[in-house]
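Below is one structure, written out as C-alpha cells; comments come after it.
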Amino acid sequence: MEYERFFAERIGALKREGRYRVFADLERQAGRFPRALCHRDGEVREITVWCSNDYLGMGQHPAVLDAMRAALGRYGAGAGGTRNISGTNHGHVLLERELADWHGTEAALLFGSGWIANMTALSTLCRLLPDCVVFSDAKNHNSMIEGIVHSKAEKRIFAHNDADDLARQLAAYPRERAKLVAFESVYSMDGDIAPIARLCDVADAYGAMTFLDEVHAVGMYGSRGGGVAERDAVAERVTVIQGTLAKAVGVVGGYIAGSAAMCDVVRSFGSGFIFSTALPPAVAAGALASVRFLKQHPEIRERHQERAATLKRRFREIGLPVLPSVSHIVPILVGDAVLCKHASDALMERHGVYVQPINYPTVERGSERLRFTPTPLHSDADIDHLVAALRDVWTQLGLRAAA
Ligand SMILES: *Cc1c(COP(=O)(O)O)cnc(C)c1O
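In this note's numbering, the protein residues as written are 54 to 456.
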C-alpha cells in the first residue's frame, strides 16, 4: 500500500469537488468581538466575524473572564485527573448544580464537550436499556448519530420534525419494548425549531423516553435561557436534555441534565465520561459565571432576536434567498459548493467579512449555503456593511436570488 499517495488522492477528490476545508487563521480580540485579526500569506488584517457560535459574545464577557482569571490563579491549569480519580474540583460540583437548576432537573453531568456528551450519553443509555430501539430525527447532528451507532441498538430514522411519521414508526413496535426518541430543538443549519410538545405527546403515547439536544438554544431561549424546552414550558416532559458550554455560554464543555438516576447511570457506565480528564477548573468557573449571568439577563436574548430579525429583513429587502429560519440563525442558499466557496472568499477579500461556506456533509449537496449568526454585538453599521458586501458579491458572481 502506498499510504502517502492514498492520502493525497483522498484530499485531491475533496478539492475537485470544491469542498476542501480551509480554516481561517484568526486571532480573537477579547473586548472587540465580532472584530478579529485574520492571518493570511504572512499578512494580518482586521475582519468582522459573521459565523461564530459564540452567539451572545459571552466568550469575552468581563464576568466570565474575571471568573476564569481568578480560578486560574487559585486552582492552577488542569483538573489533575478524571472525575473519579482526583479530578473533581468543587467548581464542577457547583456547575452541575447550576445546570440542573437551569433546566429544572434533579441532576446534571459534565463532559469535555457537547459532542462527547451526546456520544457518551446516547451510546450508554441505548446500550444499557435492554433491546432498545432508537428513533432519530433525519437531521440529527453527527454526535447523536455516532452515539446511537456506537450503542449497536436498532435504529429508525423519522422524517425531520414530523411527529406523525414518528407516531407511525413507533406504532410498529410493542408497547413494552424500550424506546428512545432523539431530536434537537434548534437545528443549526436551517434555523428551524422542533415541535417539542408534539414529539413528547407521541413519545408518551408509545412509552418512549426522549433525548433533546438543546446545543443551539441554551442561553438564548426561555426567560432564564434554559432553552426552547423552557420557552415552551415542556422541560419536565423531556427525559434527557443535552447542552453545550461552548456556544452561547462562550467557554467549552458539554452536559446532560435529567433525573438523578439517569445521570448516575451515565456517570457510572459511560466510557466518555469515566476515562477522560475533567474540565480545567478555570473553564468550569467561566461557564458557571456565564450561566449565572445568562439566567439573569433576558435583555441579551431580546437584543439577539432583534438583530437576527433585522438581518433577515435586510437580506430579504435586497432579494437574497434567505432560508425560512425561525431562530437566530440566518442561512442564505447558494446551492453549489464551488460558488459557495467563491462567495465566502470574495466577502473576505473584498469586504473583510468572514462567513464560512457550509458544504456537504454538513448539509445536503445542492443546498450549500452561507450561514450568518448575528450577535447582540453586531452594530447597525456592521449590518449595513454586510448588506452592501453581499449585494456586491451576489452581483459579481451572478448568484441566485430569492425565488
Ligand atoms: C456543536 C454541536 C454539538 C457539539 O457541541 P460541542 O460542545 O461543540 O462539542 C452537539 N450538537 C449539535 C447540534 C451541535 O451543533
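Yeah, the Cβ is synthetic: ideal placement off N, Cα and C, and Gly gets one too.
Q) Can you pull the DSSP bridge partners for His92? A) Indexing the sequence shown from 1 puts residue 92 at position 39. In DSSP, His92 forms a bridge with Asp78 and Val97.
Q. Relative to ligand 1, is the shortest distance from any of its heavy atoms to the C-beta of Glu229 smaller than 7 Å?
A. Locating residue 229 in the sequence shown gives position 176, where the first residue counts as 1. No - ligand 1 has no heavy atom lying nearer than 7 Å to the Cβ of Glu229.
Q. Rounded to whole angstroms, how far is the Cβ of Ile436 from the Cβ of Leu386, which I believe are closer than 8 Å?
A. The residue labelled residue 436 in the question sits at position 383 within the sequence shown. The residue labelled residue 386 in the question sits at position 333 within the sequence shown. About 20 Å separates the two Cβ atoms, so there is no contact after all.
**Q.** Close Cβ partners of Val305 (< 7 Å) along its chain, the five nearest in sequence each way excluded
**A.** In the sequence shown, the residue the question calls residue 305 occupies position 252. Only Ser166, Leu298, Ala299 and Val336 meet the Cβ criterion.
Q) Which runs of the beta strand (DSSP E) spanning at least 3 residues fall entirely within the region 165-233, listed in chain order? A) With a minimum length of 3 residues, the continuous beta strand (DSSP E) runs that stay inside the region 165-233 are 186-190 and 207-211.
Q) Pro384 lies in the beta strand (DSSP E); which residues open and close that run? A) Taking the first residue of the sequence shown as 1, we reach residue 384 at position 331. First-last of the beta strand (DSSP E) with Pro384: Val383 to Leu386.
**Q.** Selected residue, minimal CA-CA separation from His203, among Ala224, Ala231, Asn171 and Ala225
**A.** Locating residue 203 in the sequence shown gives position 150, counting from the first residue. Of all alpha-carbon atoms in Ala224, Ala231, Asn171 and Ala225, the one lying nearest the alpha-carbon of His203 is that of Asn171.
Q | Neighbourhood of Pro410 by C-beta distance below 6 Å, restricted to the same chain and skipping five residues each side | A | The residue given as residue 410 occupies position 357 in the sequence shown. Counting only Cβ-Cβ distances below 6 Å, and skipping sequence neighbours, we find Cys393, Lys394 and Ser397.
Q) Any heavy atom of ligand 1 within a distance shorter than 7 Å of the CB on Ser196? A) Your numbering for residue 196 matches position 143 in the sequence shown. Annotation for Ser196 indicates a beta carbon within 7 Å of some heavy atom of ligand 1.
Q: Report the option in Glu70, Thr101, Arg85 and Ala77 whose CA atom is closest to the CA atom of Val440.
A: Taking the first residue of the sequence shown as position 1, residue 440 is located at position 387. Among Glu70, Thr101, Arg85 and Ala77, the Cα nearest to that of Val440 is on Thr101.
Q: Write down the C-beta distance between Gly280 and Val287 rounded to the nearest angstrom, noting that I regard them as a contact closer than 8 Å.
A: The sequence position of residue 280 within the sequence shown is 227, counting from 1. The sequence position of residue 287 within the sequence shown is 234, counting from 1. No, Gly280 and Val287 are not in contact; Cβ-Cβ is about 10 Å, not under 8 Å.
Q) Should Thr297 be counted as a contact of ligand 1 given a C-beta to heavy atom distance under 7 Å? A) The residue you call residue 297 lines up with position 244 of the sequence shown. For ligand 1, at least one heavy atom lies less than 7 Å from the Cβ of Thr297.
Q. Under the rule that 16 or more other beta-carbon atoms within 10 Å means buried, what is Gln146, buried or exposed?
A. Against the sequence shown, residue 146 aligns to sequence position 93. Checking the displayed sequence, the identity of residue 146 turns out to be Val instead of Gln. It is exposed - the Cβ of Val146 has fewer than 16 other Cβ atoms within 10 Å.
Q: Enumerate in chain order the residues of its own chain whose CB-to-CB distance from His213 is below 7 Å, with the five nearest sequence positions on each side excluded.
A: Taking the first residue of the sequence shown as 1, we reach residue 213 at position 160. Closer than 7 Å at Cβ, skipping near neighbours: Asp190, Ala191 and Lys192.
Q) According to DSSP, is Gly306 helix, strand or coil? A) Locating residue 306 in the sequence shown gives position 253, where the first residue counts as 1. Coil, per DSSP.
Q. Considering only residues of the region 263-344, which uninterrupted beta strand (DSSP E) runs meet the minimum length of 3 residues and lie entirely inside it, listed in chain order?
A. For the beta strand (DSSP E) assignment, the uninterrupted runs of no fewer than 3 residues enclosed by the region 263-344 are, from N- to C-terminal side, 293-297 and 307-311.
Q) Which two residues bound the contiguous alpha helix (DSSP H) that contains Phe368? A) Reading the sequence shown from its first residue, position 315 is the one you call residue 368. Per DSSP, Phe368 belongs to the alpha helix (DSSP H) from Pro351 to Glu370.
Q: Please confirm if the region 177-186 is in contact with the region 236-249, defined as three or more CB-CB distances below 8 Å between the two stretches.
A: Taking a cut-off of 8 Å for Cβ pairs, the region 177-186 and the region 236-249 do not touch, as fewer than three such pairs fall below it.
Q | Pro384 burial status per 10 Å Cβ neighbour count (16 or more: buried) | A | Numbered from its first residue, the sequence shown carries residue 384 at position 331. When all chains shown are included, Pro384 counts as buried.
Q: Determine, using beta carbons only, whether Val302 and Ser238 come nearer to each other than 8 Å.
A: On the sequence shown, residue 302 is found 249 positions in, with the first residue counted as 1. On the sequence shown, residue 238 is found 185 positions in, with the first residue counted as 1. Not closer than 8 Å, so no.
Q.
Excluding the 5 residues flanking Arg88 on each side, which residues of the same chain have their C-beta closer than 7 Å to its C-beta?
A. Numbered from its first residue, the sequence shown carries residue 88 at position 35. Taken in chain order, the residues that qualify are Gln82, Glu99 and Thr101.
Q) Going by beta carbon distance, what residues of the same chain come within less than 7 Å of Met197, once the five residues before and after it are set aside? A) Within the sequence shown, numbered from 1, the residue matching residue 197 stands at position 144. Close CB contacts of Met197 within its chain, under the 7 Å cut and outside five residues either way in sequence, are with Asn171, Leu175, Ser189, Ala235 and Asp266 (chain order).
Q | Residue range of the beta strand (DSSP E) that includes Leu423 | A | In the sequence shown, counting from the first residue as 1, residue 423 sits at position 370. In the DSSP annotation of this structure, the continuous segment of the beta strand (DSSP E) that includes Leu423 starts and ends at Arg422 to Phe425.
(Q) Using the three-state DSSP reduction, which class does Pro471 fall into: helix, strand or coil? (A) This structure cannot speak to residue 471, because the chain is shown only from 54 to 456.
(Q) Does the contact criterion of 3 or more C-beta pairs under 8 Å hold for the region 311-320 versus the region 115-126? (A) They do not touch, by the three-pair rule.
Q. Any heavy atom of ligand 1 closer than 7 Å to the Cβ of His269?
A. Indexing the sequence shown from 1 puts residue 269 at position 216. Flag set: Cβ of His269 near ligand 1.
(Q) Taking the alpha carbon of Val391 as the reference point, which residue from His143, Leu423 and His269 has its own alpha carbon closest? (A) Locating residue 391 in the sequence shown gives position 338, counting from the first residue. In this structure, Leu423 is the residue among His143, Leu423 and His269 with its C-alpha nearest to the C-alpha of Val391.
Q: Below 7 Å CB to CB, which residues in the same chain sit around Pro334 once its five sequence neighbours on both sides are set aside?
A: Residue 334 sits at position 281 when you count from the first residue of the sequence shown. Contacts found: Ala124, Tyr128, Ala132, Asn142 and Gly144.
Q: State the Cα-Cα distance for the pair Gly200 and Gln449, rounded to the nearest angstrom.
A: One-based indexing of the sequence shown puts residue 200 at position 147. One-based indexing of the sequence shown puts residue 449 at position 396. Near 43 Å, if we compare the C-alpha coordinates of Gln449 and Gly200.
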